[in-house]
Amino acid sequence: YWLDGKELRLLVYREHEVANTYSSVELTILTKASEEGVYDGRYSLAIYDGTAAADKDGKPVELTGKVSCGAE
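All residue numbers for the sequence shown refer to our numbering, where the first residue is 268 and numbers rise by one.
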């Protein structure tokens, strides 16, 4: 994570392997302080399910949206 002055950034990544098939989840949060201790910005969530790749195009599912959080 990165918390410096007016910015709060967070990246969480998790990978899992079962029977030589990989799946992963990646969450990215990018924010800027709007007031003391309150951070507003956007998030991106990417989910790759290796077991579903044969049924789909192999691309991860991606979700994005607004986020608000607090830090001290």
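Ideal Cβ positions, reconstructed from N, Cα and C, are used throughout, including at glycine.
Note that the structure is a prediction, hence the values are computed from the model and not measured.
Straight-line Cα distance separating residue j from residue i
i	j	result
G304	V292	28 Å
T298	L312	15 Å
S335	P327	25 Å
D271	I314	28 Å
T331	Y280	16 Å
E284	L277	24 Å
Span of the beta strand (DSSP E) around residue i
i	result
K299	288–302
K333	328–337
G317	Neither: G317 is in no beta strand (DSSP E) and is coded neither H nor E.
D271	269–271
Where residue i falls, given that 16 or more other Cβ within 10 Å makes a residue buried
i	result
L275	buried
Y238	Since the displayed the chain opens at 268 and closes at 339, residue 238 lies outside it and no answer follows.
Y306	buried
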